[in-house]
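Participant: When the letters of the sequence shown are read in order and numbered with numbering that gives the first Met the number 0, they come out as residues 0 to 162.
To start, I am sharing the structure in question, which I have written as structure tokens.
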Amino acid sequence: MNTFTWTMGHLDMAATSKIVHSKQFRKSSIARDELISRAERAIDNMREEFGTWMEDEVASLTSVMTAWLAAPTDEDVSGELYRRGHDLKGQAATLGFPIVGRIAASLCELLTAEQISQSNRITLARSHVNAICAAVRDEVRDDTDETAKALATELEAAVARFL
């Protein structure tokens, strides 16, 4: 058991320490609604770039997927594949592709499932990544597309069977 021994130095430091109170921030001169409006306009101004950003994310995912298929038991590569999927899960809706976020969420569940054989994990991971690539390529953005909705549902169900 570690015990702490007070020394004169500790006592001196305690005796001379000061309580620091948090700073009071001045109220904004801009109304809350105006701040929200500005943020929404900034996002709208960047919206043209969202497609390119999504394509870059998907290219990164497919690159890591290729590396993972070559070494599916490598923890570093597996972790990177999970991170790419997790990034897509979080960013897809903002970038205008909520269906991709849904599929990426299922991919993340798959990659963390313990009760699944490696061959099933590889097959399902490949299906998830192919579905993500197809959605972005064909600009299928949400589950109003019945095929995309059915595919996402089937992928989720396939993963759920192993959880």
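Glycine included, each C-beta is placed from N, C-alpha and C at the ideal position.
Source: prediction; values computed, not measured.
(1) Restricting to Cα atoms, I'd like to know which of Val99, Leu87 and Arg125 is closest to Ala151.
(2) Smallest Cα separation from Cys107: which of Asp141, Ala66, Leu123 and Thr51?
(3) May I ask which residues mark the beginning and end of the alpha helix (DSSP H) holding Gly95?
(4) DSSP state of Phe49, grouped into three classes?
(5) Beta-carbon separation of Trp52 and Leu94 under 8 Å?
(6) Under 8 Å between the Cβ atoms of Val112 and Val158?
(7) Tell me which residues share the same chain as Asp144 and place their Cβ nearer than 8 Å to its Cβ, disregarding the 5 neighbours each side in the sequence.
(8) Run the CB neighbour count on Ile102, radius 10 Å, all protein chains shown included, and call it buried at 16 or more, exposed below.
(9) So, with DSSP's three-state summary, where would you put Thr65?
(10) Kindly indicate which residue of Ala156, Arg140, Arg160 and Val139 has the alpha-carbon position closest to the one of Ser116.
(11) If you draw a straight line from the alpha carbon of Arg140 to that of Ala92, how long is it in whole angstroms?
(12) Assuming Gln23 contacts Glu56 under a Cβ cut-off of 8 Å, what Cβ separation, rounded to an integer in Å, is found between them?
(13) So Ile131 is in the alpha helix (DSSP H); what residue range does that whole segment cover?
(14) Using the three-state DSSP reduction, which class does Ala104 fall into: helix, strand or coil?
(15) Comparing C-alpha positions only, which one of Ser62, Asp32 and Thr72 sits nearest to Val128?
(16) Can you tell me whether DSSP reads Glu113 as helix, strand or coil?
Facilitator: This is what the structure holds:
(1) Answer by Cα proximity: Val99.
(2) Closest by alpha carbon: Leu123.
(3) In the DSSP assignment, Gly95 falls outside any alpha helix (DSSP H), carrying neither H nor E.
(4) Phe49 falls in the helix class under three-state DSSP.
(5) Yes. Within cutoff.
(6) With the sequence shown as reference, residue 112 is identified as Ala, and Val is not the correct amino acid for it. The answer is yes: Cβ separation under 8 Å.
(7) So the list reads Ile98, once near-sequence residues are dropped.
(8) Burial call: buried.
(9) Secondary structure at Thr65: helix, using DSSP grouped into helix, strand and coil.
(10) That would be Arg160, whose Cα lies nearest to the Cα of Ser116.
(11) Pairing Arg140 with Ala92, the inter-Cα distance amounts to about 9 Å.
(12) Contact flag wrong, Cβ pair sits at about 41 Å.
(13) Unbroken alpha helix (DSSP H) run through Ile131: Gln117 to Arg136.
(14) Judged by DSSP in its simplified three-state form, Ala104 adopts helix.
(15) Here the closest residue by C-alpha is Ser62.
(16) Note: Glu113 maps to coil in three-state DSSP.
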